[in-house]
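Quick note on the working numbering: the sequence shown kicks off at 2 and runs consecutively.
Taking it in order: structure first as structure tokens, then the write-up.
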Amino acid sequence: MVKYWVGSLSLLCLCLVADLSIAQIQLHNDEFNTGASLANWLNVTDEEGWGVTRLESYNIHDSVAGHMFMKPFTGSWFNEYRGAYLYKLVNGDFIITTTVTATGRDYVSLPASDYSLAGIMIREPVVNPNLPDQQNYVFMSIGQATGNTFNFEIKNTCHSSSNLNIIPINTSTATVRMARIGDAIIVLSQFPGGAWEVRNRYDRTESACSNVTFDGTFSETVQIGLVTYTDWPKVQAVGTTFHNTHTLHPDSLGGDPDPAPGTPYTPDLIGQYDYVRFDSVSVPAPFQGMDLTDAMQVSDADLLSFLGYTNQAHCPDLYHLYSPIDHSFMEVHAGTVLSAENQLSNQSNVSLSAGESIELMPGFSVDLNTSLQIELGGCP
């Protein structure tokens, strides 16, 4: 198929473009190289109307260049407790990977307060946060849990009942990965320069995670994003109800008395995320139909054969863009040829870049008040 491409105003040529469709889940990727992408992240306190603030500060490419920066107030995720969380809505099966560093507020030290960690979380959307037994999520985080050492914390919460696994480690930085494959959640980690390890597997079928009122299965569309929490001693002292209805800072209690004045506020966490990258997932034929949460059926080595890959910024040679874009900001890169037949809407700010050519095909459209930048640049 012969098409034209748009590059600079002074350059135009004809080229042949392969009809190649690549999974669009990578449109959720964020390399955190511009603060403009912060608008693509949803803050759970706003979206669910909690009426509290969980993050004292958060930004992209500002406090720390090339990173998402999160500094939480006192708060936690455990049972009915609800803490800080920035997320995107993602459909179906996926893999999410990030490299995260968790330190105290001095950017260097082990967090001084127990259960001060940062990581990634898959969570079932909640319609009415004031009802009980609705917290359903799995997360993996790094920081200081207990024992005055760095830890991984992996937590599986079914209808607001949390079970956690604490793993002592000796670093503040790790790459963490979670895969959703049907009702299975696979949790992996990689230390700098090391190999991938399977850390845990969770069965989120109704029979494995249910009660009389709610089941613990994940919907087709889930929240997936970045979680931070800190200062468990104060969280535990004030109790669930006060925690969930107040911004936990001595100047932000709205005139209500502190129910635990003898326990000081000691939040001590900075979470720094280098990137967030999504991938589609394809289970190899030998393992299809097997229970991926059962190590007797599918070993760790089997899982690593398709989940333990090296992660890189997404920039394929050929990219065919067909999913509508209604995000506030989006960058799409291709090494050689990028073709687009999608709609840009909702005041999007979109940048398309390819090494050789960019195809605007039949079906491509740009709404009013939407910004489109096209350049020959290829991979960043």
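Note that CB positions come from ideal geometry on N, CA and C, so glycine has one too.
| Check | Outcome |
| --- | --- |
| Counterpart residues of F70 in DSSP-defined beta bridges | N60, Q273 |
| Stretch pair the segment 245 to 262 + the segment 51 to 66: three plus CB contacts closer than 8 Å | yes |
| Sub-9 Å separation of N317 and L345 beta-carbons | For clarity, residue 317 is Pro in the given sequence; the question names Asn instead. Against a cut-off of 9 Å, the Cβ pair of L345 and P317 comes out as no contact. |
| C-alpha distance - T172 paired with S110, whole-angstrom precision | 11 Å |
| Nearest neighbour of M291, chosen from A355, D63, L304 [CA to CA] | L304 |
| Rounded C-alpha distance that separates I167 from V338 | 46 Å |
| Same chain, Cβ closer than 6 Å to T35, five either side skipped, listed in chain order | H62 |
| The segment 188 to 206 / the segment 66 to 83 touching (three or more Cβ pairs under 8 Å) | no |
| Distance between P287 and W78 (C-alpha atoms, nearest Å) | 37 Å |
| Alpha-carbon spacing of F95 relative to I155, whole angstroms | 19 Å |
| N-terminal and C-terminal residue of the alpha helix (DSSP H) that A238 is part of | 233 to 239 |
| Buried or exposed (CB count within 10 angstroms, at least 16 for buried), P268 | buried |
| Whether Y116 touches D232 by CB criterion (9 Å) | yes |
| Q273 beta carbon less than 9 Å from that of M69 | yes |
| Three-state secondary structure (DSSP) of E32 | coil |
| Residue burial classification, Y310 (beta-carbon count within 10 angstroms, cutoff 16) | exposed |
| Near the ligand GDP: Y88 beta-carbon under 8 Å from a heavy atom | Judged by which ligands are present, the structure shown has none, so any question about the ligand GDP falls away. |
| Whole-number beta carbon distance between R178 and I97, since they are thought to touch under 8 Å | 7 Å |
| Assigned exposure category for D31 - 16 Cβ within 10 Å defines buried | buried |
| Three-state secondary structure (DSSP) of A37 | helix |
| Secondary structure, alpha helix (DSSP H): runs of 4+ residues fully inside the segment 88 to 144 | none |
| Reduced DSSP category for I187 - H, G, I as helix; E, B as strand; rest coil | strand |
| Cβ shell of T100 (< 6 Å), same chain only, five flanking positions each side left out | T176, D275 |
| Given L39 as reference, the closest of G364, F365, A314, V277 once Cα atoms are compared | V277 |
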